[in-house]
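Only one structure is covered here, and it is reproduced in the block below.
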Amino acid sequence: MESGRESNAIANVEDPILSPTWKRLVTFPIVYHDLWALYKQMEASLWTAEEINFKQDAQDLAQPESG
């Protein structure tokens, strides 16, 4: 069981992501490399917009629909 002092110490710790400073809103420089690696691993398991070739879509949209 936690004492009152321990629970107060935990309550007074500020999570860096909740910090009001502007630094929390930028990606670089990467501070938490282990979290960045997990993010990149997760990103690799999904498709991203950068992987899609939209050239054919632009040509298809420029032509009127037939039929």
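1 is the number of the first residue of the sequence shown in UniProt numbering; add one for each residue after it.
C-beta: ideal position from N, C-alpha, C; glycine also.
Alpha-carbon spacing of residue i relative to residue j, whole angstroms
{"i": "Trp47", "j": "Pro20", "result": "33 Å"}
{"i": "Ala44", "j": "Asp34", "result": "15 Å"}
{"i": "Ile52", "j": "Ala11", "result": "46 Å"}
{"i": "Lys23", "j": "Tyr32", "result": "13 Å"}
{"i": "Ile30", "j": "Ala58", "result": "36 Å"}
{"i": "Val13", "j": "Ala62", "result": "56 Å"}
{"i": "Pro64", "j": "Phe54", "result": "18 Å"}
{"i": "Ile17", "j": "Tyr39", "result": "16 Å"}
{"i": "Thr27", "j": "Asp60", "result": "36 Å"}
{"i": "Gln56", "j": "Ser66", "result": "16 Å"}
8 Å Cβ shell around residue i - same chain, five flanking residues per side excluded
{"i": "Trp36", "result": "Ile30"}
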